[in-house]
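In my numbering, the protein residues as written are 3 to 380.
Scroll down for the structure; my scribbles are underneath it.
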Amino acid sequence: MTSHHEIVRRVSRQIRVGRVAVGGGAPISVQTMTNTDTEDVAATVAQIRAAVKAGADIVRVSVPTLAAAEAFGKIKKEVGYVPLVADIHFNYKCGLAAAEAGADCLRINPGNIGSDKKVSEVVACAKHHGIPIRIGVNAGSLEAELQEKYGEPNADALVESALRHIEILKRHNFEDFKVSLKASEIFLTVFAYRKLAALIDQPLHLGITEAGGLRAGSVKSAIGLGMLLADGIGDTIRVSLAADPVEEVKVGWDMLKCLHLRSRGINLVACPSCSRQNFDVIKAVTELESRLDEIDEALDLAVIGCVVNGPGEAREAAIGVAGGYPNSIFVDGKIQHKAHNAELVDVLEKLVREKLAERKAARAASAADTEKTPEQAS
């Protein structure tokens, strides 16, 4: 479906987190964080793989101890293709060990790890391994003097804290960093990001911290991050939920799809259903979501239960159904099939997979033509 609004993104410098570019016009990446015990290598690897299957571009792993840093190295060897961020707090030696173990980025606040000598060691290590640093400011852990100065966390306090950490990195001639300014209050977070976005050119990592459970946290994150993303602010996002990391990834992708910033998987347009429906819309949508969950190629699928909005929505999608007796199925804007309720989900799934197979075959044929020599082409 065509977007009627184009978001003009903030211009930022680009860094690389492993194979993923962040900032500088690169696609907005989706992150999550493992919640397993890092020292449980098998469990952490399994969670990372599940998150990547759901669409995670980058995964963050907590490294609170040197034993966890050792485990981090083993995890990285298992999932080497996945960019991993090592989450470090206070103990600079954990940062050094994680970098040596293959971290693609360090999440570390330079003001919280001790002396300037310790900061110098971490920065030198990051430079040596060619990895960036993420400064992560959180309203719940502001410096004591800033809490005293401002009385309570606010946007100015978050930005001042970030600028302190930034100044430390710049003093060590280190520019490959990104910044996050997180709070659980939406407007505090939004105002802080807007202010900092005008002051620096480094990429910004967006998040509403401690947003809550799956439902409430998704709503809060969608509102806060949606406001910023619509402003063109944000280069990578993490939806912080008290839920399975896979759910964080799915919600993140849904946000980006709604704003037409990225596309992945089936974009399922569905009516909320009412007494006019000619088939059980909710049941059909639930079944289709389950069956098509593993698909990562973008495709619009409309499932509308009656003839009021059905034909219009179905015509706009690659594949769509408008309820009727029997139901009318549109492919590329035209009615091409009829299906009764009992077979509807099977028919829609089949058409989706056929459409994706056609696209794949067309791409392969185009690639083959491109590779032909002039003699072969003639």
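All residues carry an ideal CB built from backbone N, CA and C; glycine is no exception.
If you're wondering where the values come from, they're calculated on a predicted model, not measured in any experiment.
Going along the chain, which residues of its own chain have a beta-carbon closer than 7 Å to the beta-carbon of S122, five neighbours each way excluded? Working through the sequence shown from its first residue, we reach residue 122 at position 120. Excluding sequence neighbours, S122 sits near H174.
Local conformation of R62 per DSSP, three classes: The residue labelled residue 62 in the question sits at position 60 within the sequence shown. R62: strand per DSSP, three-state reduction.
Which runs of the beta strand (DSSP E), 3 residues or longer, sit entirely within the stretch 286-312? 301-306
Give a yes or no on whether the C-beta atoms belonging to I466 and P134 are separated by under 7 Å. Not covered by the structure: residue 466. The range shown for the chain is 3 to 380.
Limits of the unbroken beta strand (DSSP E) element including Q49: The residue labelled residue 49 in the question sits at position 47 within the sequence shown. Careful: Q49 lies outside any beta strand (DSSP E), inside the alpha helix (DSSP H) at V43 to A56.
In angstroms, rounded to a whole number, what distance separates the CA positions of A272 and S330? Locating residue 272 in the sequence shown gives position 270, counting from the first residue. Locating residue 330 in the sequence shown gives position 328, counting from the first residue. One C-alpha to the other measures close to 15 Å.
Give me the Cβ distance between D302 and G267, rounded to the nearest whole Å; I'm assuming they're in contact under 8 Å. Against the sequence shown, residue 302 aligns to sequence position 300. Against the sequence shown, residue 267 aligns to sequence position 265. Actually they do not touch by this definition, with Cβ atoms about 11 Å apart.
Kindly give me the distance between the Cβ atoms of L201 and V181, rounded to whole angstroms, as I take these residues to be in contact under 8 Å. Your numbering for residue 201 matches position 199 in the sequence shown. Your numbering for residue 181 matches position 179 in the sequence shown. The pair is not a contact, with the Cβ atoms about 10 Å apart (cut-off 8 Å).
Can you give me the C-alpha to C-alpha distance between I110 and V125, rounded to a whole angstrom? Position 108 of the sequence shown, counting from 1, holds the residue named residue 110. Position 123 of the sequence shown, counting from 1, holds the residue named residue 125. Going by the C-alpha atoms only, they are around 10 Å apart.
Distance check for T191 and A185, CA to CA, integer angstroms please. Taking the first residue of the sequence shown as 1, we reach residue 185 at position 183. Taking the first residue of the sequence shown as 1, we reach residue 191 at position 189. If you take the alpha carbons of A185 and T191, they lie about 5 Å apart.
On a CA-only basis, which of E212, S220, G113 and E154 is nearest I170? Give me that one, please. As a position in the sequence shown, residue 170 is number 168, starting the count at 1. Of the candidates E212, S220, G113 and E154, the one whose C-alpha sits nearest the C-alpha of I170 is G113.
Go ahead and label Q338 buried or exposed: buried means 16 or more other beta carbons lie within 10 angstroms of its beta carbon, across all protein chains shown. Numbered from 1 along the sequence shown, position 336 holds the residue referred to as residue 338. Result: exposed.
In its own chain, which residues sit with a C-beta less than 6 Å from the C-beta of L160, not counting the 5 before and 5 after it? For the purposes of this step, residue 160 is taken as the residue at position 158 of the sequence shown. Within the same chain, L160 has close Cβ partners V139, L183 and A194.
Whole-angstrom C-beta distance between K78 and V43, which should lie under 8 Å: Here residue 43 is taken as the residue at index 41 of the sequence shown, counted from 1. Here residue 78 is taken as the residue at index 76 of the sequence shown, counted from 1. Contact flag wrong, Cβ pair sits at about 10 Å.
Mark C127 as exposed unless 16 or more other C-beta atoms lie within 10 angstroms of its C-beta, in which case mark it buried. Stepping through the sequence shown from its first residue, residue 127 is reached at position 125. Classification of C127: buried, given that the 10 Å Cβ count is 16 or more.
Could you name the residues that DSSP lists as bridge partners for T34? As a position in the sequence shown, residue 34 is number 32, starting the count at 1. Per DSSP, V61.
For I60 and V19, which I take to be in contact (beta-carbon distance under 8 Å), what is that distance rounded to the nearest angstrom? Indexing the sequence shown from 1 puts residue 60 at position 58. Indexing the sequence shown from 1 puts residue 19 at position 17. With 8 Å as the limit, I60 and V19 qualify as a contact, their Cβ atoms being about 5 Å apart.
By the three-class DSSP mapping on this structure, what secondary structure does L261 have? The residue given as residue 261 occupies position 259 in the sequence shown. In this structure, L261 counts as coil in the three-state DSSP scheme.
N-terminal and C-terminal residue of the beta strand (DSSP E) that Q338 is part of: The residue labelled residue 338 in the question sits at position 336 within the sequence shown. Element bounds for Q338: K336 to A341.
One question on the structure: do E41 and A88 come within less than 7 Å of each other, judged by their Cβ atoms? For this step, residue 41 is matched to residue 39 along the sequence shown. For this step, residue 88 is matched to residue 86 along the sequence shown. No. Outside cutoff.
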